[in-house]
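Protein sequence lines, in the order shown, are assigned to chains A, B and C. Here the first sequence is numbered in the numbering used here, starting from 6 and rising by one per residue. Here the second sequence is numbered in the numbering used here, starting from 44 and rising by one per residue. Here the third sequence is numbered in the numbering used here, starting from 88 and rising by one per residue. For each residue, glycine too, the CB sits at the ideal point set by N, CA and C. Reviewing the structure listed below.
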Amino acid sequence: MSKVKKWVDQRFPLSSFIKHDLVEYPTPRNLSYWWNFGFLAGFVLILQLLTGIFLAMHYKPDALLAFDSVDHIMREVNYGWLIRYMHAVGASAFFAVIYIHMARTLYYGSYRAPRELMWWSGQALLLALMATAFMGYLLPWGQMSFWGAQVITGLFGTAPFFGDEIVIWLRGDFAVGDATLTRFFALHYLLPFLIVSIVVIHLIALHHVKSSNPSGINLSAKNNIPFHPYFTAKDLFGLGIFLIIYSYFVFFNPEFLILAENNIPANPLQTPSQIVPEWYFLPFYAILRSVPDLLGGVLAMGLSVMIFATLPFLDRSKIPGGAKYRPIYRVMFYIFVLDVIVLTYVGAQMPTEFWTLVGRIATLIYFLTFALLPFLSKYEEKKLRQKGLPEEIEELIRCEEQYGRGGKK
Amino acid sequence: MSTSESDNEADLPEAKDRRHFLEKATCAVAGVGIVAAAWPFVSSMNPASNVLSKSTVEIDIGSIKTGEVKTVEWQSKPVFIFHRTPTQISAMQDSTGSEIDPQADDDRVLKPEWLVVIGLCTHLGCVPSKKQEGWFCPCHGSRYDNSGRILRSPAPKNLHLLPYQFLSADKLLLGKA
Amino acid sequence: MKKKSLFCIILLFVFYFSIGNSWGESQEISLREDDIEHSQENLQNGMQVVMNLCTLCHDLKYVRFRDLAGIGLSSESIDKIRGESDANDSILSKMNAEQMNALFGATTPDLSLMVKARNGGAQYIYSLLLGYHERGDGVIINSLFPDIKMPDVFAYSIEKDELDRLTLEQNARDVAAFLVWTADPKADERRTLGVYVMIYLFVLTFMLYLVKKKTWARLNSNDVT
Numbered sequence: 006m007s008k009v010k011k012w013v014d015q016r017f018p019l020s021s022f023i024k025h026d027l028v029e030y031p032t033p034r035n036l037s038y039w040w041n042f043g044f045l046a047g048f049v050l051i052l053q054l055l056t057g058i059f060l061a062m063h064y065k066p067d068a069l070l071a072f073d074s075v076d077h078i079m080r081e082v083n084y085g086w087l088i089r090y091m092h093a094v095g096a097s098a099f100f101a102v103i104y105i106h107m108a109r110t111l112y113y114g115s116y117r118a119p120r121e122l123m124w125w126s127g128q129a130l131l132l133a134l135m136a137t138a139f140m141g142y143l144l145p146w147g148q149m150s151f152w153g154a155q156v157i158t159g160l161f162g163t164a165p166f167f168g169d170e171i172v173i174w175l176r177g178d179f180a181v182g183d184a185t186l187t188r189f190f191a192l193h194y195l196l197p198f199l200i201v202s203i204v205v206i207h208l209i210a211l212h213h214v215k216s217s218n219p220s221g222i223n224l225s226a227k228n229n230i231p232f233h234p235y236f237t238a239k240d241l242f243g244l245g246i247f248l249i250i251y252s253y254f255v256f257f258n259p260e261f262l263i264l265a266e267n268n269i270p271a272n273p274l275q276t277p278s279q280i281v282p283e284w285y286f287l288p289f290y291a292i293l294r295s296v297p298d299l300l301g302g303v304l305a306m307g308l309s310v311m312i313f314a315t316l317p318f319l320d321r322s323k324i325p326g327g328a329k330y331r332p333i334y335r336v337m338f339y340i341f342v343l344d345v346i347v348l349t350y351v352g353a354q355m356p357t358e359f360w361t362l363v364g365r366i367a368t369l370i371y372f373l374t375f376a377l378l379p380f381l382s383k384y385e386e387k388k389l390r391q392k393g394l395p396e397e398i399e400e401l402i403r404c405e406e407q408y409g410r411g412g413k414k
Numbered sequence: 044m045s046t047s048e049s050d051n052e053a054d055l056p057e058a059k060d061r062r063h064f065l066e067k068a069t070c071a072v073a074g075v076g077i078v079a080a081a082w083p084f085v086s087s088m089n090p091a092s093n094v095l096s097k098s099t100v101e102i103d104i105g106s107i108k109t110g111e112v113k114t115v116e117w118q119s120k121p122v123f124i125f126h127r128t129p130t131q132i133s134a135m136q137d138s139t140g141s142e143i144d145p146q147a148d149d150d151r152v153l154k155p156e157w158l159v160v161i162g163l164c165t166h167l168g169c170v171p172s173k174k175q176e177g178w179f180c181p182c183h184g185s186r187y188d189n190s191g192r193i194l195r196s197p198a199p200k201n202l203h204l205l206p207y208q209f210l211s212a213d214k215l216l217l218g219k220a
Numbered sequence: 088m089k090k091k092s093l094f095c096i097i098l099l100f101v102f103y104f105s106i107g108n109s110w111g112e113s114q115e116i117s118l119r120e121d122d123i124e125h126s127q128e129n130l131q132n133g134m135q136v137v138m139n140l141c142t143l144c145h146d147l148k149y150v151r152f153r154d155l156a157g158i159g160l161s162s163e164s165i166d167k168i169r170g171e172s173d174a175n176d177s178i179l180s181k182m183n184a185e186q187m188n189a190l191f192g193a194t195t196p197d198l199s200l201m202v203k204a205r206n207g208g209a210q211y212i213y214s215l216l217l218g219y220h221e222r223g224d225g226v227i228i229n230s231l232f233p234d235i236k237m238p239d240v241f242a243y244s245i246e247k248d249e250l251d252r253l254t255l256e257q258n259a260r261d262v263a264a265f266l267v268w269t270a271d272p273k274a275d276e277r278r279t280l281g282v283y284v285m286i287y288l289f290v291l292t293f294m295l296y297l298v299k300k301k302t303w304a305r306l307n308s309n310d311v312t
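What follows is the structure in structure tokens.
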């Protein structure tokens with residue numbers, strides 16, 4: 006065994022990789038359970054890849070066969086029902102985990118220097134995940150699959166000059182059809198591997214800058230502990246809790262998030278009474294509907310996803326860390342989370358006058374949060390320094406001013 | 044890195060043993076779970092129930108005249124059902140085929156007038172065609188007699204048999220003996 | 088602090104998972120609320136009614152005759168039900184789409200997934216079947232679905248005898264129960280397996296909790312925060 010190890014190590018840094026990046030990897034000892042969600046996201050990604058590959062062995066990306074082949078998986082393939090429900094529930098679990106992971110990053114200011122590249126690779130992951138989920142949702146070829154894809158691809162028709170051409174090019178047909186289904190399947194299978202490679206970048210960046218922590222201040226070496234066994238144990242315990250919640254949905258409530266309409270085969274001649282996207286798209290969908298102009302709505306929706314990338318620029322405060330030491334930032338965080346929840350709710354409602362109004366106010370608050378951040382973060386810093394900060398924090402700020410952001414003592 | 048591990052109460056030898064036992068037990072339980080969780084995935088690659096339900100086929104043989112061969116599909120393979128004439132039967136019962144794979148005709152049929160064999164050449168899996176004196180494989184020229192026994196190489200074996208039973212005088216059930 | 092955040096997560100989950108289906112329920116249809124029983128007798132009675140009545144017009148194309156073993160039918164009774172059809176055939180109606188269109192001006196939807204395809208599920212099916220009543224001018228309409236093309240196949244609207252009405256109501260419940268089964272024949276298998284998985288996960292998670300606690304106990308408790 007040790008001979009094999011030696012042979013490999015002379016040619017590939019396996020042992021030193023395991024030692025440095027999995028076992029001894031220094032991790033802040035004060036990480037809370039909110040730091041579990043990155044690991045969970047990685048786990049769900051693997052789960053989705055695995056179940057997806059096995060589903061692809063039985064699924065048929067053909068408009069005439071797709072719906073039937075899903076039913077074949079559910080009824081006739083050994084444990085097909087299990088694998089499909091794991092995949093369907095897994096998609097929702099993925100977004101739940103990612104959104105909590107993002108919220109943690111926002112609350113503790115983990116996106117700030119020197120972790121901007123982690124934040125931006127995370128933004129790329131979010132986009133790729135959304136694209137993958139959107140394309141995957143077409144594959145069961147139910148009514149909501151079909152009309153969801155029809156509406157969303159139709160949004161590209163608002164592009165100037167070539168709108169109609171772009172829509173037809175995306176669909177490969179004049180409406181969503183067999184060609185669309187087949188290409189969505191191809192891309193739905195491809196994109197996860199792109200996600201895996203961005204995850205690798207995300208992790209390389211992480212292991213270079215190391216984890217942030219609840220205090221928001223880079224800890225001195227003595228407050229770091231090796232990843233193994235401390236965080237392997239903590240992550241695995243969190244995984245157990247996650248699996249319990251996940252399994253509850255897989256085994257006892259698997260259709261909970263599948264809209265009834267999607268159990269009706271796609272019918273290009275009949276639109277469901279209301280088209281509702283999956284829950285994880287609802288806030289963005291609400292923003293789309295809140296803008297009276299269609300092109301404006303599309304732009305607002307795109308912006309609402311991409312705007313997270315601007316946070317490292319918008320947050321101009323020199324106070325280190327996240328919401329913990331920053332009262333105004335903390336209030337903004339809670340307002341933002343609440344606002345996203347309101348938007349989610351509005352996205353699922355019939356667009357009555359009342360809900361449209363609520364949606365518009367919530368959309369405004371959504372963008373105002375970002376627009377006001379540069380000013381409020383500066384104002385907050387000024388106020389806090391007037392009141393007097395603890396000496397070590399003042400010193401940290403002086404250090405940063407001297408050596409640039411993220412500079413070490 | 045971790046500096047605070049020593050001189051801790053929780054790290055006395057007994058505590059260490061207890062911890063190690065707990066860790067090992069947890070690993071074992073998790074390992075069992077991983078193996079169990081793999082099973083549905085492995086199992087999903089086995090034939091689905093709609094495929095399995097076709098593992099047996101009922102065949103009506105009343106319409107096959109004496110001297111005729113009917114080729115039917117069973118488990119996605121061609122099966123020859125050959126209604127033999129009395130002369131063919133007696134000729135076959137008198138021989139044991141060639142020395143390549145000798146076998147008595149009685150061992151190859153349930154009722155002498157009905158020969159049921161898998162219609163794939165035992166050489167490389169081509170479908171042999173019926174000739175007067177047996178079968179001839181168009182791919183590499185193997186020859187079989189009217190009992191499906193190999194007469195001329197390259198095929199190494201007689202045409203394979205399959206489990207079947209007579210449900211009635213003119214009804215066959217392929218796939219179950 | 089930890090408890091509070093855990094509570095928040097759970098609350099968020101509950102909230103998110105509760106809005107998924109919320110718009111459908113907001114359509115305010117009052118469904119009958121009687122309990123639908125799912126015993127084998129109910130399923131088999133429902134199957135009889137479906138076979139005798141519903142499959143005149145509706146397909147159950149994802150259900151094959153051999154699948155009926157799942158509601159406890161012997162292969163002899165399945166042979167009797169399938170008649171000339173092969174055990175591997177789907178359960179299809181005798182009429183085709185054109186005949187349907189000529190008769191009702193609509194094609195009949197497939198029933199295999201009907202329970203999953205309607206908000207309200209079994210309760211909706213049951214309420215729909217008994218939703219027929221005679222209007223003042225003698226026209227029979229369905230209160231749940233006024234535009235429905237399907238006639239009152241149970242003749243529930245004109246049945247006056249109380250006992251017969253009770254039988255019809257029982258039949259309607261059994262039809263709904265049977266359609267619950269056709270839409271999700273693996274439900275029992277799923278729940279049984281689910282119980283074992285949950286028990287296992289609780290044990291494993293508890294062990295992982297102990298491992299975590301024991302591991303972290305090795306650290307001195309001078310927390311940095």
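I need the straight-line Cα distance from residue i to residue j, nearest angstrom please.
i                : j                : result
Val102 (chain A) : Gly153 (chain A) : 23 Å
Asp60 (chain B)  : Lys227 (chain A) : 27 Å
Tyr371 (chain A) : Asn218 (chain A) : 26 Å
Ser172 (chain B) : Cys180 (chain B) : 6 Å
Glu283 (chain A) : Gly159 (chain A) : 17 Å
Ser96 (chain B)  : Ile161 (chain B) : 19 Å
Phe42 (chain A)  : Gln53 (chain A)  : 16 Å
Asp76 (chain A)  : Met311 (chain A) : 37 Å
Gln127 (chain C) : Asn258 (chain A) : 22 Å
His183 (chain B) : Glu156 (chain B) : 29 Å
Gly208 (chain C) : Leu217 (chain C) : 15 Å
Lys8 (chain A)   : Phe17 (chain A)  : 14 Å
Tyr384 (chain A) : Tyr113 (chain A) : 19 Å
If you check the beta carbons only, do residue i and residue j fall under 7 Å apart?
i                : j                : result
Thr349 (chain A) : Leu287 (chain A) : yes
His166 (chain B) : Ser185 (chain B) : yes
Arg331 (chain A) : Ile324 (chain A) : yes
Tyr219 (chain C) : Asp239 (chain C) : yes
Asn267 (chain A) : Ser150 (chain A) : yes
Ser34 (chain C)  : Arg119 (chain C) : Chain C is shown from 88 up to 312; residue 34 (chain C) falls before or after that span and cannot be answered.
Ala271 (chain A) : Gln148 (chain A) : yes
Ile193 (chain B) : Ile124 (chain B) : no
Can you check which of these residues, the options, is closest to residue i by C-alpha distance?
i                : options                      : result
Lys167 (chain C) : C:Met138, C:Ala184, C:Leu190 : C:Met138
Glu405 (chain A) : A:Leu378, A:Gly326, A:Val347 : A:Gly326
Val303 (chain A) : A:Tyr290, A:Ala314, A:Tyr112 : A:Tyr290
Ile246 (chain A) : C:Thr254, C:Phe293, C:Ser230 : C:Phe293
Ala129 (chain B) : B:Leu65, B:Val75, B:Asn189   : It is worth fixing the name first, because residue 129 (chain B) is Pro in this sequence and not Ala. That would be B:Asn189, whose Cα lies nearest to the Cα of Pro129 (chain B).
Tell me whether residue i sits in a helix, a strand or coil according to DSSP, three-state version.
i                : result
Gly302 (chain A) : helix
Pro332 (chain A) : helix
Pro197 (chain A) : helix
Ile227 (chain C) : strand
Glu8 (chain B)   : This structure leaves residue 8 (chain B) out entirely; chain B is present only between 44 and 220.
Leu36 (chain A)  : coil
Trp110 (chain C) : Unreliable placement is indicated for Trp110 (chain C), whose pLDDT of 45 sits below 50; the coordinate value is still reported in the next sentence. Helix, per DSSP.
Trp178 (chain B) : strand
Ile161 (chain B) : strand
Ser47 (chain B)  : Model confidence at Ser47 (chain B) stands at a pLDDT of 44, short of 50, so the residue's coordinates are unreliable and nothing is read from them.
Gly192 (chain C) : coil
Completely contained alpha helix (DSSP H) runs for the stretch 176 to 253 of chain A, where each covers 4 or more residues
Within the stretch 176 to 253 of chain A, the complete alpha helix (DSSP H) runs of at least 4 residues are 183 to 214.
Which runs of the alpha helix (DSSP H) fall wholly inside the stretch 256 to 303 of chain A and span at least 4 residues, in chain order?
Within the stretch 256 to 303 of chain A, the complete alpha helix (DSSP H) runs of at least 4 residues are 287 to 295.
So within the stretch 59 to 143 of chain B, which uninterrupted beta strand (DSSP E) runs reach at least 3 residues, ignoring any that extend past its ends?
Unbroken beta strand (DSSP E) runs of no fewer than 3 residues, entirely contained in the stretch 59 to 143 of chain B, are found at 100 to 103, 112 to 117, 120 to 126, following chain order.
Continuous beta strand (DSSP E) assignments of at least 3 residues falling wholly in the stretch 205 to 280 of chain C
For the stretch 205 to 280 of chain C, whole beta strand (DSSP E) runs of length 3 or above, ordered along the chain, are 219 to 221, 227 to 229.
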